[in-house]
Amino acid sequence: MMGANLLEARNIAKHFGGVKALTDVSLSIRKGEIYGLIGPNGAGKTTFFNVLTGLYHPDGGELIFAGDKLKASAPHLAAKCGIARTFQNIRLFGNMSAMENVMVGRHVRTHAGVIGAVLHDSRTRREEAAIRRRAEELLHYVNIADRADDLARHLSYGDQRRLEIARALATDPKLLALDEPAAGMNGTETEGLRTLIEGIRSDGITVLLIEHDVKLVMGLCDRVAVLDYGEKICEDVPSVVQKDPKVIEAYLGGSLA
Amino acid sequence: MMTLTLESLRHDKRAAIIATALMGLALAAFPFMVGSTLGNSWLRIIDFAMLYIMLALGLNIVVGFAGLLDMGYIAFYAVGAYLYALLASPHFGLHLPIWLIIPAGAALAGLFGALLGAPTLRLRGDYLAIVTLGFGEIVRIFMNNLNSPVNITNGPQGISGIDPIQMGGITLAKPLSVLGFTVPSLHAYYYLFLALALFIVFVTIRLENSRIGRAWVAIREDEVAAKACGINTRNIKLLAFTMGASFGGVAGGLFAGFQGFVSPESFNLMESVMVLCMVVLGGMGNIPGVILGGVLLTILPEIFRHGAGPVQTAIFGKILLDPEALRMLLFGLALIVVMLYRPAGIWPSTTRRREFRGESSDVLKEGE
Amino acid sequence: MDIFIQQIINGLVLGSIYALVALGYTMVYGIMGLINFAHGEVVMIGAMVALTVIKLLAGSGLPVYIVILVALIAASAVCMAVGYAIERIAYRPLRRAPKLAPLITAIGVSIVLQNLAMLVWGRNYHAFPPILPVSEHEILGATITSVQVAIVLIAALLMAALIALIDHTRLGRAMRATSENPPIAQLMGVNINQIISLTFVIGSALAAVAGLMVSANYSIAHYYMGFMLGLKAFTAAVLGGIGNIAGAVLGGILLGLIESLGAGYIGDFTGGFLGSNYQDIFAFFVLIGVLVFRPSGLIGEKVSERA
Ligand SMILES: Nc1ncnc2c1ncn2[C@@H]1O[C@H](COP(=O)(O)OP(=O)(O)OP(=O)(O)O)[C@@H](O)[C@H]1O
Ligand SMILES: [Mg+2]
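Protein chains in written order, with this note's numbering: chain A, 4 to 260; chain B, -1 to 366; chain C, 21 to 327.
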């Protein structure tokens, strides 16, 4: 089931003024794997996500996704190609219900325009029903179906994280990029998250995971890349990464061990 | 309270039908009641309230749904009005029929909306506000000055003698007789405006509950996240501008036909501000709230107008203070006081959860 | 007479006034992220009060500069009180409210002030009493009046003083801290409410001066004058990059220059198609042009979206 590369990043560079957030980062993610991206604070992980999802324009390098070159700086196109993401500091549509949040995620795979909306013809009605059904499924899938009608901002922290994942899944992604999904979660919540991510993978979706929770990353990921000061210093299976002296050095005294 | 009754209507078909029928009857009888008690001047005001409802609903799409602060909205009203004035008046000697002009006005205003939107959509919040405001002024200044070298708009004098609205050879400017009833002109306009306002309400509701409407709100709530969900925010925002503007164009055309006269004076910044106040004060993003805002802010200044002089005479025996200034002063105070006590508007959209499931207990939980 | 130089001079004078008013917008925006829509009306109140005082004292035999000084003090005092009251009544209660709520109260305040002025001073234009010693000076083939020289100098002086205040005093530091991050500033012991009040008061004092300048420059004042002036000044603030003090100064001067050069030359640009009555459009077109290419104004910070 693993094999061809789904994503190939070649020599990605991004700087902000003098800060080199990413320098020559190359990595490849295989179809069907869970790929971890770790590194100390400020290493450039989120920046890599932003480049990947078209939010930032890279200053160098290119991205090949599912065999095609990704056009930079058009987030909605990235979503259309099949890259979905969550945000490190949760970004939900606070005044929409959980259900509606997920329904927005279906936007990119549906078509009804103004005329369809106004006429409410049978095609639009069918599409709308399908959107709703899929959104309900996804809320069940991430286990927050009982909160469907609550405003997103009224959800608990853990549920908001789950909702964000459901919304991302609604775009039918090939690659799901999660930015620190376990941040702020307690032990049981994290355990639930692990099960969820494993489930997502077994449904055939490739996962790219930024995470500080070492136990989670090492237990979950097939391969891990380590960023430090914007450079990739290591990429391998968890057991090897854990012992890499450069990685231990980067984490100052090796909190990884 | 309101929500409670609305919500229960939704579940009881028969009650809903009866309520709709009663409402229809009330709306139909309304002009006769107003006309016979308060007189024709109030009927005119009610007719204007209908126009303002259309405007407020149009602006609500831009400001309330998509969260784009547009302070030059009245420009689209102006476009619709001037198009009607140019195509149906002695000014160019053209007298095209309404079923052509009103849609053309909607289309042209929509085009202007897109034209304004295209270069400005990268701007955020207050920057967008000032640019749209500038755009509104630009349109007005052009209308003021496009009387030379070629006389298009007739400048500050405006265009008069505009054809009244005619449908199927019947003019609304004269009393109509329908099945032996005589329907005075102001009443006829009322029914026409009401019909169009209801149509716009209908369109807005349909849009709100659609893929497009959700995309608008998503952009308002978090533009970055909306993009990440695959929403082409530029196009969807343009669509908001265009839709909102086209409503304004329709209202503008009706205004020109109703008034028989247009001049740049009617489309100054204060008018844009007024419509914005209707949207925000009524309850941004909430259709009933916006309608309420439109009605209130049309009527309130008129109440003050009718009250400012007579009340003074009654109390002091003479008019001490300029009634016009006094009425606007009171109006300004009312804006401040209402906003201080209801910062989210008079009728805000707290009830965003809709009939997904529809247990009535949901309604009670909402009273938070 | 050299038209170009003349327009530059006129533009500088107008621009200095715009800049003073723009500072009021930008300071408030910098600290609270709020468009103080009523600021233009504060300028108008300043002009009206100053004019009233000057009219009262014009026949008293006092030296001109004393008359002007008294007028200025009276106008500033009234404007500062008005500015303070506006913030306390219309904005402070809404600090946590939805973003558009204070905009609506600001509009309300603006309407109230305008109509209050109409009630107090009537609908008519008020002429500025001819007490100022007007001497004309020739430079480079253009004329500049002593009033214009005074306007530019005083405006420059006030702006320099304001910048010094913000850059080098405790108060200025507190203001900068508040605009950077209000909660943190509060933790550091800054009394935010006080700072915000002071910001309004200072902005209003500048507005009063600007009001006197406008009415002296055009020899006229009117209850409706604040509206367009405020709009232009706000445009100037946005042009420079709202929230940025230097930006407001730059934007104000630029807008003044653009307008007067535009008015002088628009006919030539468009082959006579558009006349000087399009002067106002010119300002807005420039604004739109600048913002399209530099969405945060000329020297505003580039706000890159962090995700
Ligand atoms: N929009 C931006 N503007 C300026 N600098 C930025 C921007 N985004 C990121 N940076 C800088 O780039 C560097 C990398 O930041 P990034 O957010 O990618 O780190 P990270 O690995 O995600 O860290 P963390 O674990 O804390 O989330 C940091 O020094 C950060 O300050
Ligand atoms: Mg990060």
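Where is the CB? At the ideal position from N, CA and C, for every residue including glycine.
Keep in mind that this is a model prediction, so the values were computed, not measured.
Check: Quick check: C:V41 and C:F220, are their CB atoms within less than 8 Å of each other?; Outcome: no
Check: By Cβ distance below 7 Å, which residues in the same chain neighbour B:E300 in space, the five residues on each side in sequence not counted?; Outcome: I43
Check: Is the beta carbon of B:G247 sitting closer than 8 Å to the one on B:F74?; Outcome: yes
Check: Using a strict less-than 7 Å threshold between each residue's beta carbon and the heavy atoms of ligand 2, what residues do you get?; Outcome: A:K48, A:T49, A:Q91, A:D182, A:E183 and A:I213
Check: What three-state label does DSSP hand A:K17 in the structure shown?; Outcome: strand
Check: Have a look at the DSSP bridge pairing and note the partners of B:R204.; Outcome: Answer is none; B:R204 lacks a bridge partner.
Check: Compute the Euclidean distance between the alpha carbons of B:G103 and B:I217, then round it to the nearest angstrom.; Outcome: 28 Å
Check: Relative to the C-alpha of C:I336, which residue among C:V73, C:M100, C:L123 and C:A39 is closest?; Outcome: The requested residue 336 of chain C is not part of the displayed model; chain C covers only 21 to 327.
Check: A:A228: which of A:D216, A:P241 and A:L219 sits nearest, CA to CA?; Outcome: A:P241
Check: Just checking B:V277 against ligand 1 - is the residue's beta carbon closer than 7 Å to any of the ligand's heavy atoms?; Outcome: no
Check: Return the residue from the list B:I289, B:L333, B:T240 and B:G251 that minimises the CA-CA distance to B:L98.; Outcome: B:G251
Check: According to DSSP, is A:S242 part of a helix, a strand, or is it coil?; Outcome: helix
Check: From what residue to what residue does the beta strand (DSSP E) around A:V28 run?; Outcome: V22 to R33
Check: What are the boundary residues of the beta strand (DSSP E) that includes A:L158?; Outcome: Premise fails: A:L158 is in no beta strand (DSSP E) and is neither H nor E.
Check: Answer with yes or no whether the minimum CB distance from A:M99 to chain B is below 8 Å.; Outcome: yes
Check: Check the Cβ-Cβ distances between B:N143 and every residue of chain C, and say whether any is below 8 Å.; Outcome: yes
Check: In the DSSP assignment, what are the bridge partners of B:I168?; Outcome: B:M165
Check: Check whether the segment 142 to 154 of chain B touches the segment 281 to 288 of chain B, taking contact to mean three or more Cβ pairs, one atom from each stretch, closer than 8 Å.; Outcome: no
Check: Below 8 Å on C-beta distance, what does B:M282 contact in chain C?; Outcome: P118 and L120
Check: What do you get for A:P176, buried or exposed, if any count of 16 or more other CB atoms within 10 angstroms of its CB means buried?; Outcome: buried
Check: Pull up the distance between the alpha-carbon of B:F354 and that of A:D152, whole angstroms please.; Outcome: Confidence at B:F354 is low in this model, with a pLDDT of 38, below 50, so its placement is unreliable and no value can be given for it.
Check: Identify every run of the beta strand (DSSP E) within the segment 169 to 232 of chain A, keeping only runs that are complete inside it and at least 3 residues long; order them along the chain.; Outcome: 178 to 182, 209 to 213 and 226 to 231
Check: What I want to know is whether the C-beta of A:G21 ends up closer than 7 Å to one or more non-hydrogen atoms of ligand 1.; Outcome: no
Check: Ligand 4 heavy atoms versus the CB of A:N44: any closer than 7 Å?; Outcome: By its list of ligands, the structure shown excludes ligand 4, since it contains just ligand 1 and ligand 2.
Check: Measuring CB to CB, does C:A58 end up less than 8 Å from C:I106?; Outcome: yes
Check: Could you give the residue range of the alpha helix (DSSP H) that holds C:S36?; Outcome: I23 to M52
Check: With distances taken from CA atoms, which of A:L9, A:A115 and A:I93 is nearest B:S220?; Outcome: It should be noted that the sequence gives Asp, not Ser, for residue 220 of chain B. The shortest Cα separation from B:D220 among A:L9, A:A115 and A:I93 belongs to A:I93.
Check: Please find out if some non-hydrogen atom of ligand 1 comes closer than 7 Å to the beta-carbon of A:M24.; Outcome: Note on identity: in this sequence residue 24 of chain A is Ala, with Met being the wrong assignment. At least one heavy atom of ligand 1 is nearer than 7 Å to the Cβ of A:A24, so yes.
Check: According to a CB-to-CB cut-off of less than 7 Å, which residues of the segment 247 to 260 of chain B neighbour chain A?; Outcome: none
Check: Mapping the DSSP letters down to three states, classify A:D149 as helix, strand or coil.; Outcome: helix
Check: Measure how close the beta-carbons of A:R165 and A:R137 come, nearest whole angstrom, since I'm counting them as under 8 Å.; Outcome: With a Cβ gap of about 16 Å, A:R165 and A:R137 do not count as contacting.
Check: What is the DSSP secondary structure of A:K74, counted as helix, strand or coil?; Outcome: coil
Check: Between the segment 209 to 225 of chain B and chain A, which residues of the former have a C-beta closer than 8 Å to a C-beta of the latter?; Outcome: R209, I210, G211, R212, A213, V215, A216, E219, D220, V222, A223, A224 and K225
Check: Between which two residues does the beta strand (DSSP E) harbouring B:I289 extend?; Outcome: Per DSSP, B:I289 belongs to no beta strand (DSSP E); it is in the alpha helix (DSSP H), I285 to F314.
Check: Keeping to the same chain, check which residues put their C-beta closer than 6 Å to that of B:W40; ignore five residues upstream and five downstream.; Outcome: V32
Check: Taking B:R325 as the reference, which of C:L34, C:I174, C:L133 and C:A78 has the closest Cα?; Outcome: C:L133
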